[in-house]
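Some notes on the structure that comes next.
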Amino acid sequence: METIFTKIEQGIIPSTKIYEDELCFVILDINPVKKGHSLVIAKEVYPNIASTPDETLTHMILVAKRIEARQREVLGNQGSNIIINNDPASGQEVPHLHIHVIPRFEGDGRKHFQEHDKYSDGEMKEFGDKLRIC
Ligand code: AMP
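For what it's worth, my numbering labels the leading residue of the sequence shown as 4, then goes sequentially.
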């Protein structure tokens, strides 16, 4: 399957690449939440986290950690958001696994989720009982 990211990887679409290895590559997001916003992208096309082999995912999160450290060192950000969107319901635009690494600065005014749900009485326990895996 082809995606915009496979075309970037093949050099058909230009990008600003800042890292590459055998399993993934990292580019700057063209529409950054904050400048320096980076995408760690799998070289193989996996549509979401569930379809990504553990070895690739583990590797990519470690690359994201290195990119985050580099951002802090070079850009001076005091925080970061590290995000994977999965499937259209989440707002995922490109069905090809990628990790967003977004530098965040004190008081920068960005907020990822504008709205939140509220649990009714006893509902949090119900969700916990249904979701618990240990
Ligand atoms: P997502 O919504 O998690 O699928 O994120 C896709 C991201 O890809 C968005 O943040 C886009 O701004 C970014 N993007 C789309 N096209 C390009 C491109 N040609 N170069 C760099 N980033 C891109």
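C-beta atoms are modelled at their ideal positions from N, C-alpha and C, and glycine is treated no differently.
These numbers were taken from a predicted model, which means no experiment stands behind them.
CB of residue i within 9 Å of CB of residue j, strictly
| i | j | result |
| --- | --- | --- |
| Asn89 | Asn34 | no |
| Asn80 | Phe108 | yes |
| Gly110 | Leu78 | no |
Other residues of its chain near residue i: CB distance less than 8 Å, five sequence neighbours each side excluded
| i | result |
| --- | --- |
| Ala45 | Leu26, Cys27, Thr55, Thr59, Met63, His99, Leu100 and His101 |
| Ile70 | Ile21, Tyr22, Val29, Ser41, Val43 and Val104 |
Own chain, CB closer than 7 Å to residue i, minus 5 neighbours either side, in chain order
| i | result |
| --- | --- |
| Gly94 | Asn88 |
| Ile7 | Ile16 and Val97 |
| Val66 | Tyr22, Cys27, Val29 and Val43 |
| Val36 | Ile105 and Arg113 |
| Thr19 | Ile30 and Leu31 |
Any chain D beta carbon closer than 9 Å to residue i
| i | result |
| --- | --- |
| Tyr22 | Annotation note: the requested chain D is absent from the structure, which comprises a single protein chain. |
Spatial neighbours of residue i in its chain, beta-carbon cut-off 6 Å, leaving aside the 5 residues before and after
| i | result |
| --- | --- |
| Tyr49 | Thr55 and Leu100 |
| Lys121 | none |
Start-to-end residues for the alpha helix (DSSP H) that takes in residue i
| i | result |
| --- | --- |
| Leu134 | Glu126 to Leu134 |
Extent of the continuous beta strand (DSSP E) to which residue i belongs
| i | result |
| --- | --- |
| Phe28 | Cys27 to Leu31 |
- May I have a chain-ordered list of the beta strand (DSSP E) segments no shorter than 3 residues that lie completely inside the segment 35-105? 41-45 and 82-86
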